[in-house]
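Working notes, structure below.
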Amino acid sequence: MKPDEIKKLEAYFKRILNPQLVVKARPRKDDSAEVYLGDEFLGVVYVDDEDGERSYNFSMAILDVDL
1482 MKPDEIKKLE AYFKRILNPQ LVVKARPRKD DSAEVYLGDE FLGVVYVDDE
1532 DGERSYNFSM AILDVDL
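Residue numbering for the sequence shown follows the working numbering, starting at 1482 and increasing by one per position.
Following this line, the structure appears as structure tokens:
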């Protein structure tokens, strides 16, 4: 993902979920970015280009010990 795209996603996550969320580029990956709350890794947001439309999928694993 391009830096301006990551900034837009970060602004969206901050507005919708939590102002403390941070979106960071992934090393050697251009189809996704990592989402953090402070220093804690939350998940990955993937970009999907299909039929000329761009969408994003956020994937977050939740361990049973964290519940």
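Note that the Cβ used here is the ideal one computed from N, Cα and C, for glycine as well.
Asked, Found
"Classify Phe1494: buried if its beta carbon has 16 or more other beta carbons within 10 angstroms, exposed otherwise.", "buried"
"What are the residues that DSSP puts in a beta bridge with Phe1539?", "Val1526"
"By Cβ distance, which residues of its chain are closer than 8 Å to Tyr1537, with the 5 residues on each side in sequence left out?", "Leu1490, Val1526, Tyr1527, Val1528, Asp1529"
"In whole angstroms, give me the CA-to-CA distance for Pro1500 and Arg1535.", "24 Å"
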